[in-house]
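Per my numbering, the sequence shown starts with residue 42, numbered consecutively.
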Amino acid sequence: MKAHLITVGDEILIGQINNTNVAWIATELNQIGIDVVRMVTVGDTPADIHDALRTAFSEAELVLTTGGLGPTHDDLTKQAIASFFDKDLEYQPPIFEHIRQLLESRGRKTSELNRVQALVPQGFEVVPNPMGTAPGLWYEFEQGGKMRYLGMMPGVPFEMKAIMEQSLLPRLAAHAKEVIIHKTLLTVGIGESDLAEKIGEVSIFLGEGATLAFLPGPKTGVKLRISVRSETSTKADMVLEKAMTHIWDRVGHYIYGEGNTLPEIVVGELLRKLEKTIATAESCTGGHIADRLSDIPGSSAYLLGGVVAYCNSVKMNLLGVSEADLSHHGAVSEAVVKQMAEGIRTMTGADIGISTSGVAGPDGGTPDKPVGTIWIALADANGTEAKKLRLFKDRILNKEFTTTLALDLVRKRLNLLARSVTS
C-alpha cells in the first residue's frame with residue numbers, strides 16, 4: 042500500500058513550527074509495510090487542500106492529514122475535505138459531550154467554537170482522541186475500481202500519536218500485504234565511499250527485496266540501513282541475516298553498534314563492564330567529549346572529570362605539558378596531545394585519559410597545520426597512542442567529528458582490554 046502525508050498549516054510553511062509529525066508517521070507506516078511516497082505541506086486554504094487531495098488520491102491508496110481540526114477560524118481542513126467530497130457537515134452531540142467533559146476535567150468551560158469540532162462530514166467515521174478535543178476522522182471510498190482510505194488527525198503531536206497508536210495503526214496493519222524490516226549498523230572512522238568499496242557490489246549479497254542505504258552524520262558516523270521487503274517475516278529475516286553477515290565480515294572493525302545507540306553509550310557500557318574510569322583533557326573540542334559522556338545517566342560511575350585546556354599555560358600548569366615541546370612542536374602536535382592525555386590521567390587517577398588538540402577553524406590554520414588538522418590521544422596503563430585527523434573547514438562539524446572519533450578510540454582500547462580479560 043502507498044501513502045501520501047498532507048500537513049495543513051501556514052505555521053509550517055513559514056518555518057514557525059518544525060514538522061516532526063511526518064517523520065514519526067512515516068516510520069510507523071513503514072514498519073507495518075506501508076510506503077510513504079510523498080509528503081506535502083499546504084496552507085490553511087480550501088483550494089490548496091483540494092489540490093493536495095487530488096494529487097494524493099491519484100498516486101496512493103492511503104492519505105493521512107494532520108492539522109486544521111481545531112476550533113478557530115483558521116482551522117479549515119474539515120470544511121475543505123467535506124466540500125472536496127461534496128458532503129454536508131453534521132453536528133454530533135456525543136463529540137461535543139466528550140469535549141465538554143474533557144475541558145471540565147481541566148477546569149475550563151466550552152464555548153461556541155468548540156461546537157465546530159463536533160461537526161463531522163456526512164459518512165465519515167469518528168476516531169476518538171483520548172488526549173484532546175479534536176477527534177480524528179476516517180473515510181473509505183472507491184475510486185477507479187480500487188478502495189481509497191483517508192485518515193484525518195489534529196496537528197498536535199501527542200494527540201496525533203495517540204490516535205495513530207490506539208486506532209489507525211492497528212486498522213492499517215490489517216490492510217498491509219507485505220512485511221518490511223530494517224536493521225541499522227553504526228560505523229565510525231570511515232567515510233561512506235570507503236565503506237561502499239569495502240562492502241562491495243550490493244547485488245552480490247543483497248537478496249530479493251533488500252536495499253542498503255548509507256546515511257552519514259557527524260555524531261553517529263555513517264549508518265548502514267538494511268531494509269528488506271517480503272511476503273513473510275520468515276523470508277525477510279533470512280534475507281536480512283545474509284546481508285548482515287556479509288557486511289560484518291567486510292567492515293565489522295568499523296561497526297560500534299546497532300539501532301539508535303551512540304558512541305558515548307557504547308563507551309559507557311564498556312567502562313561499566315570493565316570497571317574502568319575515564320577523564321578528559323580537551324582543547325579544540327572545548328569539553329564536548331566530557332559533555333557527551335555526561336549526557337548518559339549514571340556516567341558518574343566512570344567519568345571522573347575533565348579539563349578544557351585552551352591556552353598553553355593551562356596545558357603546562359594543570360596537565361604538565363612540556364614548555365619545550367609546546368615551543369618546538371606547537372600545541373597541535375602528537376607530543377603535546379600525548380602529554381595532555383597522560384597529564385589528565387595523573388591528575389585525576391583515571392584509568393583512561395583522552396585528549397584533543399587541533400585547529401577547529403574557520404581561521405587559525407597554517408600551511409603546515411591547515412584548518413581541520415587535529416590530534417587525539419589516549420593514555421592508559423598499557424601506554425599512550427595518538428592519531429592525526431584531517432577534517433573540515435567548519436568549526437562545529439570539526440568539534441563533533443573529533444569527539445566521535447575520540448570516543449571510538451576509547452571504544453577500541455576497551456574492546457582490546459575486554460578480549461585480554463577473557464582470553
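Think of the CB as a built atom: it goes at the ideal place given N, C-alpha and C, for glycine as much as any other residue.
Beta-bridge pairing of residue i - partner residues as DSSP gives them
i           : result
residue 76  : 43
residue 190 : 103 and 181
residue 363 : Note: residue 363 sits in no beta bridge, so no partner.
residue 319 : 344 and 393
residue 220 : 271
residue 83  : 49
residue 5   : Absent from the model: residue 5. The displayed extent of the chain is 42 to 464, so no value can be given.
Distance between beta carbons of residue j and residue i, contact taken as under 8 Å
i           : j           : result
residue 123 : residue 140 : With a Cβ gap of about 19 Å, residue 123 and residue 140 do not count as contacting.
residue 201 : residue 195 : 6 Å
residue 82  : residue 60  : 7 Å
residue 103 : residue 109 : 19 Å between Cβ atoms; not a contact.
residue 463 : residue 259 : Contact flag wrong, Cβ pair sits at about 33 Å.
residue 450 : residue 417 : 6 Å
residue 396 : residue 299 : Residue 396 to residue 299, Cβ: 29 Å. No contact.
residue 77  : residue 71  : 7 Å
residue 384 : residue 362 : 6 Å
residue 253 : residue 247 : 6 Å
residue 288 : residue 226 : 6 Å
residue 317 : residue 455 : 7 Å
residue 345 : residue 320 : 5 Å
residue 208 : residue 177 : 7 Å
residue 285 : residue 224 : 6 Å
residue 54  : residue 84  : 6 Å
residue 452 : residue 236 : Contact doesn't hold; Cβ gap of about 18 Å is too wide.
residue 269 : residue 281 : 5 Å
Residue i burial status per 10 Å Cβ neighbour count (16 or more: buried)
i           : result
residue 460 : exposed
residue 162 : buried
residue 325 : buried
residue 148 : exposed
residue 153 : exposed
residue 182 : exposed
residue 341 : exposed
residue 170 : buried
residue 369 : exposed
residue 440 : buried
residue 212 : exposed
residue 266 : exposed
residue 431 : exposed
residue 48  : buried
residue 273 : exposed
residue 56  : exposed
residue 184 : exposed
residue 234 : exposed
residue 275 : exposed
residue 50  : buried
residue 429 : exposed
residue 245 : exposed
residue 165 : buried
residue 150 : exposed
residue 101 : buried
Limits of the unbroken alpha helix (DSSP H) element including residue i
i           : result
residue 378 : 375–389
residue 414 : First-last for residue 414: 414–421, but that is the beta strand (DSSP E), not the alpha helix (DSSP H).
residue 396 : Not the alpha helix (DSSP H): residue 396 falls in the beta strand (DSSP E), residues 393–399.
residue 326 : Unbroken run through residue 326: none, as it is neither H nor E.
residue 309 : 304–315
residue 441 : 436–463
residue 204 : 198–204
residue 53  : 51–54
Range covered by the beta strand (DSSP E) that runs through residue i
i           : result
residue 428 : 424–431
residue 478 : Residue numbering for the chain in the displayed model covers 42 to 464; residue 478 lies beyond these limits and cannot be assessed.
residue 299 : 296–299
Residue i: CB within 6 Å of a non-hydrogen atom of the ligand ATP
i           : result
residue 284 : By its list of ligands, the structure shown contains no ligand whatsoever, and the ligand ATP lies outside what it can speak to.
May I have a chain-ordered list of the alpha helix (DSSP H) segments no shorter than 4 residues that lie completely inside the segment 223–287? Residue ranges of uninterrupted alpha helix (DSSP H) with 4 or more members, entirely inside the segment 223–287 and ordered along the chain, are 233–240 and 243–246.
In chain order, which continuous runs of the alpha helix (DSSP H) of length 4 or greater are located wholly inside the segment 119–166? Taking only runs of at least 4 residues, the alpha helix (DSSP H) segments lying wholly in the segment 119–166 are 134–146 and 153–157.
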